[in-house]
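K.L.:
My structure is below; once you've seen it, I'll send some questions.
Protein chains: 4
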Amino acid sequence: MATRRGRPRSEAVRSAVLAAAADLARHGGPGAATIDAIARRAEVSRTTIYKWWPSAAAIVLEGLLDSVRESIVRPPGSTTVQALIHHVGALNAILADATVGPLLRNVMSAAAGDPAIQAALLERWIEPRRAAVVTALRDAVAAGELDAGTDIEVVVDALVSPPYYRLVFGMPPLSDEAVTALVDTVWRGCV
Amino acid sequence: MATRRGRPRSEAVRSAVLAAAADLARHGGPGAATIDAIARRAEVSRTTIYKWWPSAAAIVLEGLLDSVRESIVRPPGSTTVQALIHHVGALNAILADATVGPLLRNVMSAAAGDPAIQAALLERWIEPRRAAVVTALRDAVAAGELDAGTDIEVVVDALVSPPYYRLVFGMPPLSDEAVTALVDTVWRGCV
Amino acid sequence: MATRRGRPRSEAVRSAVLAAAADLARHGGPGAATIDAIARRAEVSRTTIYKWWPSAAAIVLEGLLDSVRESIVRPPGSTTVQALIHHVGALNAILADATVGPLLRNVMSAAAGDPAIQAALLERWIEPRRAAVVTALRDAVAAGELDAGTDIEVVVDALVSPPYYRLVFGMPPLSDEAVTALVDTVWRGCV
Amino acid sequence: MATRRGRPRSEAVRSAVLAAAADLARHGGPGAATIDAIARRAEVSRTTIYKWWPSAAAIVLEGLLDSVRESIVRPPGSTTVQALIHHVGALNAILADATVGPLLRNVMSAAAGDPAIQAALLERWIEPRRAAVVTALRDAVAAGELDAGTDIEVVVDALVSPPYYRLVFGMPPLSDEAVTALVDTVWRGCV
DNA sequence: TTCTAATCGAGACGGTACGTCAGGTCTTCTC
DNA sequence: GAGAAGACCTGACGTACCGTCTCGATTAGAA
Numbered sequence: 001m002a003t004r005r006g007r008p009r010s011e012a013v014r015s016a017v018l019a020a021a022a023d024l025a026r027h028g029g030p031g032a033a034t035i036d037a038i039a040r041r042a043e044v045s046r047t048t049i050y051k052w053w054p055s056a057a058a059i060v061l062e063g064l065l066d067s068v069r070e071s072i073v074r075p076p077g078s079t080t081v082q083a084l085i086h087h088v089g090a091l092n093a094i095l096a097d098a099t100v101g102p103l104l105r106n107v108m109s110a111a112a113g114d115p116a117i118q119a120a121l122l123e124r125w126i127e128p129r130r131a132a133v134v135t136a137l138r139d140a141v142a143a144g145e146l147d148a149g150t151d152i153e154v155v156v157d158a159l160v161s162p163p164y165y166r167l168v169f170g171m172p173p174l175s176d177e178a179v180t181a182l183v184d185t186v187w188r189g190c191v
Numbered sequence: 001m002a003t004r005r006g007r008p009r010s011e012a013v014r015s016a017v018l019a020a021a022a023d024l025a026r027h028g029g030p031g032a033a034t035i036d037a038i039a040r041r042a043e044v045s046r047t048t049i050y051k052w053w054p055s056a057a058a059i060v061l062e063g064l065l066d067s068v069r070e071s072i073v074r075p076p077g078s079t080t081v082q083a084l085i086h087h088v089g090a091l092n093a094i095l096a097d098a099t100v101g102p103l104l105r106n107v108m109s110a111a112a113g114d115p116a117i118q119a120a121l122l123e124r125w126i127e128p129r130r131a132a133v134v135t136a137l138r139d140a141v142a143a144g145e146l147d148a149g150t151d152i153e154v155v156v157d158a159l160v161s162p163p164y165y166r167l168v169f170g171m172p173p174l175s176d177e178a179v180t181a182l183v184d185t186v187w188r189g190c191v
Numbered sequence: 001m002a003t004r005r006g007r008p009r010s011e012a013v014r015s016a017v018l019a020a021a022a023d024l025a026r027h028g029g030p031g032a033a034t035i036d037a038i039a040r041r042a043e044v045s046r047t048t049i050y051k052w053w054p055s056a057a058a059i060v061l062e063g064l065l066d067s068v069r070e071s072i073v074r075p076p077g078s079t080t081v082q083a084l085i086h087h088v089g090a091l092n093a094i095l096a097d098a099t100v101g102p103l104l105r106n107v108m109s110a111a112a113g114d115p116a117i118q119a120a121l122l123e124r125w126i127e128p129r130r131a132a133v134v135t136a137l138r139d140a141v142a143a144g145e146l147d148a149g150t151d152i153e154v155v156v157d158a159l160v161s162p163p164y165y166r167l168v169f170g171m172p173p174l175s176d177e178a179v180t181a182l183v184d185t186v187w188r189g190c191v
Numbered sequence: 001m002a003t004r005r006g007r008p009r010s011e012a013v014r015s016a017v018l019a020a021a022a023d024l025a026r027h028g029g030p031g032a033a034t035i036d037a038i039a040r041r042a043e044v045s046r047t048t049i050y051k052w053w054p055s056a057a058a059i060v061l062e063g064l065l066d067s068v069r070e071s072i073v074r075p076p077g078s079t080t081v082q083a084l085i086h087h088v089g090a091l092n093a094i095l096a097d098a099t100v101g102p103l104l105r106n107v108m109s110a111a112a113g114d115p116a117i118q119a120a121l122l123e124r125w126i127e128p129r130r131a132a133v134v135t136a137l138r139d140a141v142a143a144g145e146l147d148a149g150t151d152i153e154v155v156v157d158a159l160v161s162p163p164y165y166r167l168v169f170g171m172p173p174l175s176d177e178a179v180t181a182l183v184d185t186v187w188r189g190c191v
């Protein structure tokens with residue numbers, strides 16, 4: 001197979017850009033993470049950034065997905081409720097994290113005006129995480145723990161949307177007890 | 001009684017600005033509703049806009065609050081579950097509305113970078129609507145329908161956050177059946 | 001004869017406006033003496049200013065003419081040369097004055113873009129002062145001191161333009177000795 | 001030799017800006033030659049103009065210095081008086097010129113409020129022209145034509161300030177005869 | 001080694017929007 | 001009727017960032 005001719009893409013540039021964007025987005029909020037500012041801080045030319053990313057939000061999103069790479073895995077040997085508590089708790093912890101939270105908030109904000117960001121966010125952030133919950137619930141249905149008529153999408157919504165809601169509106173994140181109460185309540189309402 | 005000195009504020013200007021901002025925000029999304037564009041469309045001078053509003057998002061928010069003035073009221077003679085279904089259904093309908101939804105989405109987006117918008121949105125949009133649900137649930141606790149140990153904030157989160165979640169991530173809004181299922185599930189989990 | 005109806009014009013307003021304009025023009029240069037700034041400092045409404053003056057420069061000019069009201073008079077019993085030295089010296093002193101100089105400079109600057117100021121400056125500032133010199137020179141011609149063929153306008157130009165020239169280009173003003181040398185030279189060139 | 005990096009500066013842009021500024025300043029006077037108007041007429045972006053010039057007056061000045069590049073040279077074999085007549089006549093012609101005069105007038109006007117323009121005007125317009133006259137007079141002193149005690153600066157003032165004076169106050173320019181009379185008078189007053 | 005293709009950097013340029021300031025005009029109330 | 005108070009429009013200001021562009025400098029594999 002023919003290796004690419006020409007100068008290879010610099011990995012140093014990529015990581016410097018992602019780090020700069022994350023720094024700027026974390027502090028200073030959106031509006032701070034402009035392409036100009038990222039280029040200045042990363043000491044990378046604007047031209048180069050435009051060659052690889054379509055927008056500042058895309059950079060922040062890429063950095064976000066890079067930094068939160070490990071998916072939430074079901075603890076082995078856990079009951080369904082334990083698995084759900086673990087998942088919602090982990091999600092809640094990520095969104096409450098001082099590093100990740102503001103980044104995600106920025107990207108969500110940018111998604112309102114950029115269909116490409118919107119789609120990428122849905123496909124690469126939301127869907128994988130929902131899928132894990134859906135799987136757990138389907139397994140519970142298959143195991144007879146849950147009624148077959150349960151509307152799984154609605155249950156997932158009830159479980160995962162509160163952490164986003166509180167992040168978006170600047171409310172304090174859910175405590176661990178609140179997470180437990182949330183999952184318990186929804187679970188009891190299903191069985 | 002002291003009448004106001006000077007030329008009175010033009011109501012025509014205010015409504016033209018709000019209408020223009022709403023139009024622009026609905027189509028074109030955020031980024032379209034700039035102060036410049038609003039001024040052009042409303043045929044109002046930029047200076048005047050700056051005199052009365054601090055930002056484009058503030059205009060959109062004011063128009064939003066103006067257009068959705070009537071609060072969601074509990075139907076007389078309704079049971080708690082019926083009242084909750086009515087409330088969540090009404091909220092869901094508002095967020096799914098092709099006029100209001102995009103506007104709120106824009107304002108939520110702007111809130112990420114503007115603490116004033118953030119605070120106004122929380123105080124003038126979120127709190128009043130949460131309060132109605134909280135009241136219904138407290139009444140239910142007082143009537144012995146609900147356990148006194150119920151974490152009401154968590155229950156409210158589970159009920160109201162899904163419509164916002166779906167709006168923000170561009171997912172299809174909840175159907176009426178889904179709303180009913182959501183309320184039923186959460187309610188059964190509480191009692 | 002019928003006295004004027006209605007509230008009489010406030011002299012306090014006029015003098016406050018003139019004083020404010022002079023203050024602003026002296027320090028801060030032109031660009032500082034805007035109608036807005038004058039109104040603020042004089043604590044007079046902008047409307048009132050617009051009613052009485054056509055522009056900021058007109059205010060400064062009026063204040064200038066007010067403050068330099070006494071014309072330059074020929075010392076009694078003086079020879080022509082003495083009279084000319086007195087006149088040019090007095091003019092030079094006025095233009096070098098820290099109060100009057102900057103004001104006149106501002107008005108000259110404004111005259112470039114405002115024909116009304118241009119005309120008023122010529123008629124009410126330049127002409128009267130030139131006339132005094134012209135009279136002295138005509139008297140000298142009549143007395144046979146000066147040749148009848150002398151181009152008086154040219155001689156006046158040579159005598160009075162240097163102080164303006166130095167003011168406009170920000171050069172140091174003429175010293176008293178320089179004034180004497182100037183008049184002596186021109187005078188000797190005429191006889 | 002290090003060649004310049006980056007896209008080279010467009011000479012077309014520079015000349016278009018200078019031409020547009022000159023046109024606007026000539027007709028319409030100062031106040032017409034705003035950065036906005038220059039940008040519109042030159043079809044150049046405002047940003048670019050701001051990158052290269054600090055103010056509209058600086059543009060007009062640069063155009064002025066560009067257009068009047070050739071300095072006034074002493075005609076070979078001329079006597080001192082002839083040289084002075086030539087110089088003052090040439091200066092007078094430049095200031096009376098319908099193209100250059102208004103431009104210089106604008107710049108002089110702007111100099112009143114802008115120390116940078118003031119300094120540039122003095123250094124790049126006034127000083128070089130004065131220097132030529134000073135040289136001619138010093139030569140005359142060295143040749144014994146002029147008394148060693150002559151105050152040369154005063155003589156230069158008397159010779160060159162009238163054309164500026166008449167330009168600034170909107171008086172008709174000196175005729176050639178008046179120029180001759182002026183130089184003759186001053187010269188006779190010196191010897 | 002030299003050619004060739006790509007990345008990267010530097011910087012000019014045309015735009016759009018920002019938020020502010022001043023100039024003027026108009027409307028309303030008070031003295 | 002003079003003056004104050006203030007709303008409104010127009011237009012220019014200087015700045016920030018956008019996205020595009022033209023260059024030169026650099027870094028590799030391929031000829």
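Protein chains in written order, with full-length UniProt numbering: chain W, 1 to 191; chain F, 1 to 191; chain R, 1 to 191; chain S, 1 to 191. Using N, Cα and C, we set each Cβ at its ideal position, and we do this for glycine too. Note that the coordinates shown come from a computational prediction; the quantities given were computed from them, not determined experimentally.
Who are the Cβ neighbours of Thr-34(F) in its own chain at under 7 Å, not counting the five residues just before and after it?
P.N.:
Around Thr-34(F): Ala-56.
K.L.:
Beta carbon of Arg-41(R), beta carbon of Ala-20(R): below 8 Å?
P.N.:
It is a contact, given that the beta carbons lie within the stated cut-off.
K.L.:
Given this structure, state the Cα-to-Cα distance separating Leu-146(F) from Leu-137(F), to the nearest angstrom.
P.N.:
Roughly 8 Å separates the two Cα atoms.
K.L.:
Indicate the three-state DSSP secondary structure (helix, strand or coil) for Arg-166(F) in the structure shown.
P.N.:
Of the three classes helix, strand and coil, the one that applies to Arg-166(F) here is helix, per DSSP.
K.L.:
Tell me which residue opens and which closes the alpha helix (DSSP H) that Trp-53(F) is part of.
P.N.:
Segment: none, Trp-53(F) is in no alpha helix (DSSP H) and carries neither H nor E.
K.L.:
According to the Cβ coordinates, are Leu-95(F) and Pro-163(F) closer than 8 Å?
P.N.:
A contact, by the Cβ cut-off of 8 Å.
K.L.:
Select from the stretch 166-187 of chain W all residues with a C-beta closer than 9 Å to any C-beta belonging to chain F, and list them in chain order.
P.N.:
So the list reads Arg-166, Val-168, Phe-169, Gly-170, Met-171, Leu-174, Glu-177, Ala-178, Val-179, Ala-181, Leu-182, Asp-184, Thr-185, Val-186, Trp-187, given in the order they occur along the chain.
K.L.:
Look up Ile-72(F) in the DSSP assignment and say whether it is helix, strand or coil.
P.N.:
Ile-72(F): coil per DSSP, three-state reduction.
K.L.:
What does a CB cutoff of less than 6 Å around Ala-2(R) pick up in its chain, not counting 5 residues either side in sequence?
P.N.:
Low confidence applies here, because Ala-2(R) scores a pLDDT of 38, under 50, leaving its location unreliable; read the following figure in that light. Contacts found: none.
K.L.:
In this structure, how does DSSP classify Gly-63(F) when only helix, strand and coil are distinguished?
P.N.:
Helix.
K.L.:
Using Cβ-Cβ distances below 7 Å, what residues of the stretch 140-158 of chain S are close to chain R?
P.N.:
Those residues of the stretch 140-158 of chain S that come within reach of chain R (Cβ to Cβ, closer than 7 Å) are Asp-151, Val-154, Val-155, Asp-157, Ala-158.
K.L.:
Please state whether DSSP places Met-171(F) in a helix, a strand or coil.
P.N.:
In the structure shown, Met-171(F) sits in coil (DSSP, three-state: anything other than H, G, I, E or B).
K.L.:
Note down, in chain order, each residue of its chain lying with its Cβ closer than 7 Å to the Cβ of Thr-48(R), except the 5 sequence neighbours on either side.
P.N.:
Once the five neighbours on either side are set aside, the close Cβ partners of Thr-48(R) are Val-13.
K.L.:
Distance cutoff 8 Å, beta carbons only. Does Val-17(S) sit that close to anything in chain R?
P.N.:
Taking Cβ atoms only, chain R never reaches closer than 8 Å to Val-17(S), which makes this a no.
K.L.:
For Arg-188(W), report the span of its alpha helix (DSSP H) as first-last.
P.N.:
Where Arg-188(W) is concerned, the enclosing alpha helix (DSSP H) stretches over 176-190.
K.L.:
Using a cut-off of 9 Å between C-beta atoms, extract the partners of Asn-106(R) located in chain S.
P.N.:
Ordered by position in chain S, the residues that pass the 9 Å Cβ test against Asn-106(R) are Ala-112, Gly-113.
K.L.:
Within 8 Å of any Cβ in chain F, is that where the Cβ of Arg-14(W) sits?
P.N.:
It does not; no Cβ of chain F falls within 8 Å.
K.L.:
Under 8 Å, do Leu-103(S) and Val-44(S) count as touching if we go by C-beta distance?
P.N.:
Cβ atoms of Leu-103(S) and Val-44(S): not closer than 8 Å.
K.L.:
Would Val-88(R) and Leu-182(R) be called neighbours here (beta carbons separated by less than 8 Å)?
P.N.:
Against a cut-off of 8 Å, the Cβ pair of Leu-182(R) and Val-88(R) comes out as a contact.
K.L.:
On the CB-based measure, 16 or more other CB atoms within 10 Å of its CB, does Glu-11(F) come out buried or exposed?
P.N.:
Burial call: exposed.
K.L.:
What residues of chain F sit near Gly-29(W), judged by a beta carbon separation below 8 Å?
P.N.:
Ordered by position in chain F, the residues that pass the 8 Å Cβ test against Gly-29(W) are Ala-112, Gly-113.
K.L.:
Quick one: give me the first and last residue of the alpha helix (DSSP H) that Ile-94(W) is part of.
P.N.:
From DSSP, the alpha helix (DSSP H) with Ile-94(W) extends over 80-96.
K.L.:
Nearest to Val-134(R) by alpha carbon, out of Pro-115(R), Val-156(R), Gly-113(R)?
P.N.:
For the residues Pro-115(R), Val-156(R), Gly-113(R), the minimum Cα distance to Val-134(R) belongs to Val-156(R).
K.L.:
Can you say whether Ser-161(S) is buried or exposed, counting buried as having 16 or more other CB atoms within 10 angstroms of its CB?
P.N.:
Ser-161(S) comes out buried.
K.L.:
Examine chain F for any beta-carbon lying closer than 8 Å to the beta-carbon of Pro-54(W), and answer yes or no.
P.N.:
No, Pro-54(W) does not count as interfacial toward chain F.
K.L.:
Any beta-carbon of chain S closer than 8 Å to the one on Gly-189(R)?
P.N.:
It does: the Cβ of Gly-189(R) has a partner Cβ on chain S nearer than 8 Å.
K.L.:
Give a yes or no on whether 8 Å exceeds the smallest Cβ distance from Val-162(W) to chain F.
P.N.:
Note that residue 162(W) corresponds to Pro in the displayed sequence, not to Val. Yes, Pro-162(W) lies at the interface with chain F (some Cβ there is under 8 Å from its Cβ).
K.L.:
Using the three-state DSSP reduction, which class does Asp-157(F) fall into: helix, strand or coil?
P.N.:
Helix, per DSSP.
K.L.:
To the nearest angstrom, how far is it from the Cα of Trp-125(W) to the Cα of Ile-152(F)?
P.N.:
The alpha-carbon atoms of Trp-125(W) and Ile-152(F) are separated by roughly 29 Å.
K.L.:
Under a three-way DSSP split, which group does Pro-30(S) fall into?
P.N.:
DSSP places Pro-30(S) in coil when its eight states are reduced to three.
K.L.:
Is it buried or exposed, Tyr-50(S), if we count other Cβ atoms within 10 angstroms and call 16 or more buried?
P.N.:
Its Cβ having fewer than 16 others within 10 Å, Tyr-50(S) is exposed.
K.L.:
From Ala-120(R) to Arg-69(R), what does the alpha carbon distance come to, in whole angstroms?
P.N.:
About 15 Å.
K.L.:
Please check if any C-beta of chain R sits within less than 8 Å of the C-beta of Ile-126(S).
P.N.:
Judged by the 8 Å Cβ criterion, Ile-126(S) is in contact with chain R.
K.L.:
According to a CB-to-CB cut-off of less than 9 Å, which residues of the stretch 80-93 of chain W neighbour chain F?
P.N.:
Under the 9 Å Cβ criterion, the stretch 80-93 of chain W contributes no residue.
K.L.:
Using a 10 Å radius around the Cβ and a threshold of 16 neighbouring Cβ atoms, would you call Arg-130(F) buried or exposed?
P.N.:
So Arg-130(F) counts as buried.
K.L.:
I want to see whether chain W comes within less than 8 Å of Arg-129(F), judged by CB atoms only; does it?
P.N.:
Answer no: the Cβ-Cβ gap between Arg-129(F) and chain W never drops below 8 Å.
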